[in-house]
Amino acid sequence: MAFNHLPAAMHDAFGPLSASPVTDSVPMAKNQHPSRPPGSGGSRPSPDMVLDRLAAGAGRSARITHTEHLPPRAGTHAVWPDRIRPEVIAAIQKAGIDHPWAHQAAAAEHALDGTSVVIATGTASGKSLAYLAPVLSALLDGSEAPNGRGATALYLSPTKALAADQRRSVKALAAPLGNGIRPAVFDGDTPVEEREWVRQYANYVLTNPDMLHRGILPSHPRWSSFLRSLRYVVIDECHTYRGVFGSHVAQVVRRLRRLCARYGSDPVFLLASATSAEPALAAGRLTGLPVTEVADDASPRGELVFALWEPPLTELQGEKGAPVRRTATAETADLLTDLTVQGVRSVAFVRSRRGAELISVIAKERLAEVDRTLPSRVAAYRGGYLPEERRALERALHSGSLLGLAATTALELGIDVSGLDAVVISGYPGTRASLWQQAGRAGRAGQGALAILVARDDPLDTFLVHHPEALFEQPVESTVLDPDNPYVLAPHLCAAAAELPLTENDLPLFGPAAPGLLPQLETARLLRKRPSGWHWTRRERAADLTDIRGEGGRPVQIVEEGTGRLLGTVDESAAHSAVHEGAVHLHQGRSYLVRKLDLEDSVALVEQADPPYSTTARDTTSIAVLDTDTEIPWGDGRLCYGSVEVTNQVVSFLRRKLISGEVLGETKLDLPPRTLRTRAVWWTVTEDQLDAARINPEILGGALHAAEHASIGMLPLFATCDRWDIGGVSVPLHPDTLLPTVFVYDGHPGGAGFAERAFHTAREWLSATRLAIASCECEAGCPSCIQSPKCGNGNDPLHKRGAVRLLTELLRSAPAGPTSGAGGDDDRGAAAEGRGAAAEGQGAEPEGRGATPEGLDATTEGLDATTEGLDATTEGLDATTEDPDATTEDPDATTEDPGLPVESGPVRPADPGPPEAAARPPEEQPPPAPRGT
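In this note's numbering, the protein residues as written are 180 to 1112.
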């Protein structure tokens, strides 16, 4: 199946390449200074040399908007605490590590003192060894007990792949220690016949929060000997536990602590995190314990050259004649191709499963034109693969047989692939923490490295590549989670009661919201109070009340109809838009058509096919205000924060040509509606404010819609979220507010803290939004300012200058300083606001454009419109869709929606009644984190 994303003569992947291809990878020079003359390092190219080769050719150098050089850094050694057993130190030295870095020794000292600690240092700084040294020492002590298991340790990772990788590392490191260290993985891939051995004999169990929630805690009597001896709990990559997922994991950890106390143990928690703001605070919120931080990175670092890369404009025109940039997918595929031809070991991080597949396919096609042996050295690595497929790819990575990899964020989450020379990041990953985590995958073992951020054609990416200070001069974000979210807490109280009856003494462990929820759970007949405490009353498993990934429902299996072969899975929340009947599904470069989606049995039947089109689902969305928690006057308008209900239903799908995006037809679907109750921030404007901004009724819908798009695109600068974490709706007259209203809401049941962060930083956030629109060079709007890759209305209507005037008038009345006394440390928008005033002078404009939808409009915005989703990990899902292009059935409501996970948990707000509805193609689903069971 061919994927040609550019017209003839527009492809430039091989322009700068004249040398014959290499077939063996060449490591970069270690710590080579950028001014070192080319060739002085023999055959080892420096990062600058590799970048120069990529930038060679007509027009390519102009795509680099900024290059940041991070110089090499020397390391600082220390000595291991004398309480670590000499056999463990000897094993570490045998692995080639003579002395620890200072932060490793400090973390080990805290662990030995019985103090919970979080190690928040850079990628490849040796965090694993920092917690392994005290853990292995304790396990070796415990192996001398009469039962051989006087001490145990539990390791939690967000993905199965990371747990498997860590087991390999531990096994290799502990080999000189003999049978005293018995590591074992216990997850959904563990064969049934091995599980009893793990429970009875393993003293270092590696698992994930999902298996802890569904498998270990509900069966705690079978784990009693392990829990009784539990000395340490390691939580790796703890910065990934944010939002709803992090809130669920926090409650799972509290349930674990409760059961440990029941069996007489009090484990020390050792957490490893990427560099983040206030890591001790976030770790304490996750564990419910005081945590000490070790954040001074004493490890050495090779030179890092970090380039910001903006794809060029093409001759094509998008919606309303807007200029169209070459897609980040096509650009990333070319860069991965060039790096592979140079023999540079590289990984391209992609935001979606489909994007990873497409980049791999395109790169293989291009490489086949150069050397037929090279395509086999490039592959895709994403969620949804079967366990044996993942393991085979991981072996190929470790062996070095793969030169190039197009991957979702599985590799960001810690699979240790040493020797990578370059990282290409296709689109801003949503947070600076993730950006640096991905960039840090290159240059391990002190090598020089190259990182390239390829901008997508959207407001945030465009802003960042032209404002590098927002990336390189700002600290990384705080981790946001809320364990007291009632939608999260309620099902965990039920699960805890099913494990052991809940007592009054247990309630402080679960937080201040727990006492208030118990009467509601009793009323719902989920819990019953008896003298011994609250008991679970149902026959079904309480742990099944919630999916801790926030998605709800069991995964849908994708099965080849003719053979019965299982191809993979997709989360239930994505099934309606990703594997509906007639959908095109990609798997390892092959195309399949979905013949039947059976929601009752959670199976999608597919058959291999080669259709000349892609598919895009369409749906309807409505939003209603349930409760307003806080309301602040902004002049005559209002800024509000509270609870909303969003209703979504997939109603049809479009077939679109692969190359041009032309709509070939629409097919109706009959799928059930889905409801999301969540948290939102919204703002209203009055008629007087509209008059002051010169917004007449003809352009009101377009101005609100444009402001909504741009504000969603800019929010990740102020909250630890991604565009696909949040959704939005703009309505010229909303039935609940009776005013023109723009909503931005969390795409997770009960909320995830993103809308709340937007409320507390609203002045700075909307100031930056206004600047992003006003400073864009386009005439009437483009993907770099107000057009959205996930708009449900085909980016119609939109009115760029109206949005600038509207936001200017709104901000004129905004309170100075933090919105509500809890604005936090985000003051980035202050400078933006000052710059924005000068940027507005764009003159008068026609007032009637974009006032109403004009029917189905087939556009060519984004020749590869299949890649703009998000896949959190290898066990996650990718609920991506093509760039939607359709009309609204209600011209007064426009939407940008992240997709609706199934609401879970027994506590639900009252029914608000029928809200205003809007019809549109589906947006990207909120990013799920990996499924572990």
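Glycine is no exception: its CB is placed at the ideal position from the N, C-alpha and C atoms.
Quick check on residue i - is its C-beta less than 8 Å from some C-beta in chain C?
i: T682; result: This model lacks chain C altogether, as it is built from one protein chain only.
On the criterion of 16 or more Cβ atoms from any shown chain inside 10 Å, does residue i qualify as buried, or is it exposed?
i: T641; result: buried
i: R949; result: buried
i: P313; result: buried
i: R709; result: exposed
i: F651; result: exposed
i: H248; result: exposed
i: N382; result: buried
i: Y310; result: buried
i: H759; result: buried
i: N326; result: exposed
i: T702; result: exposed
i: L681; result: buried
Residues in its own chain within less than 6 Å of residue i by CB, not counting five upstream and five downstream?
i: G814; result: S992
i: A882; result: I874, H978, G981, A982 and L985
i: Y771; result: H764, V785 and Q787
i: S1126; result: Beyond the ends of the chain as shown, which are 180 and 1112, falls residue 1126; an answer cannot be given.
i: F405; result: T331
i: A674; result: A721 and A722
i: P911; result: L879, G880, P919 and D1071
i: L450; result: V297, I414, C417 and A462
i: L724; result: P670 and C673
Take residue i and list the residues in its own chain whose beta-carbon comes closer than 8 Å to its own, dropping the five residues that flank it on each side.
i: C957; result: A501, P502, S963, C964 and K979
i: G329; result: D320, G321, S322, E323 and S408
i: A269; result: P355
Pop quiz: residue i and residue j are said to be a contact at Cβ under 8 Å. What is the actual Cβ separation, rounded to whole angstroms?
i: L352; j: L396; result: The pair is not a contact, with the Cβ atoms about 29 Å apart (cut-off 8 Å).
i: L688; j: R437; result: 6 Å
i: V423; j: P226; result: Contact flag wrong, Cβ pair sits at about 38 Å.
i: P791; j: K847; result: Not confirmed; about 22 Å, so no contact.
i: V860; j: F938; result: 4 Å
i: A559; j: Q767; result: 7 Å
Measure the alpha-carbon distance for residue i versus residue j and round it to whole angstroms.
i: E510; j: L487; result: 13 Å
i: R374; j: A342; result: 16 Å
i: D354; j: V749; result: The displayed chain sequence assigns Ala, not Asp, to residue 354. If you take the alpha carbons of A354 and V749, they lie about 38 Å apart.
i: P994; j: R421; result: 30 Å
i: T1066; j: D975; result: The pLDDT assigned to T1066 is 29, lower than 50, so where the model puts this residue is not dependable; a value taken from the coordinates is nonetheless given after this. Going by the C-alpha atoms only, they are around 7 Å apart.
i: A721; j: T302; result: 38 Å
i: R569; j: V644; result: 34 Å
i: D915; j: R856; result: 16 Å
i: G275; j: A317; result: 22 Å
i: R532; j: D550; result: 27 Å
i: F528; j: G816; result: 42 Å
i: P691; j: G443; result: 25 Å
i: L850; j: S831; result: 9 Å
i: A649; j: V633; result: 16 Å
i: T742; j: D780; result: 18 Å
i: D789; j: A803; result: 42 Å
i: Q379; j: L679; result: 22 Å
i: L565; j: L746; result: 7 Å
Measuring alpha carbon to alpha carbon, tell me which of the options ends up nearest residue i.
i: A934; options: S295, W862, L518 and Q379; result: W862
i: T454; options: E416, T466 and A440; result: E416
i: V384; options: H399, Y334 and V413; result: Y334
i: A340; options: G327, R361, I360 and D366; result: D366
i: V447; options: D925, R410 and T466; result: R410
i: I604; options: L581, I541, L672 and A535; result: A535
i: V602; options: L614, G609 and T610; result: L614
i: A281; options: P265, L308, V267 and K273; result: L308
i: L896; options: V523, E494, Q430 and H646; result: H646
i: A440; options: G583, H399, H278 and Q616; result: H399
i: S336; options: L706, E544, W944 and I414; result: I414
i: S555; options: P566, R744, R561 and T516; result: T516
i: L251; options: L629, G359, G892 and S954; result: This sequence places Pro at residue 251; Leu is not what is there. Of L629, G359, G892 and S954, the residue nearest in Cα terms is L629.
Would you say the beta carbon of residue i is closer than 7 Å to some non-hydrogen atom of the ligand NAD?
i: V526; result: This structure does not include the ligand NAD; it has no bound ligands of any sort.
Who are the Cβ neighbours of residue i in its own chain at under 7 Å, not counting the five residues just before and after it?
i: Y852; result: The residue you asked about is not Tyr; residue 852 is Pro in the sequence shown. Answer for P852: T826, N827 and Q828, listed in chain order.
i: P200; result: Bear in mind that a pLDDT of 36 at P200, under 50, signals an unreliable position, so the number given afterwards is only what the model happens to contain. Here the set comprises V520, V549, D550 and L553.
i: R262; result: L291
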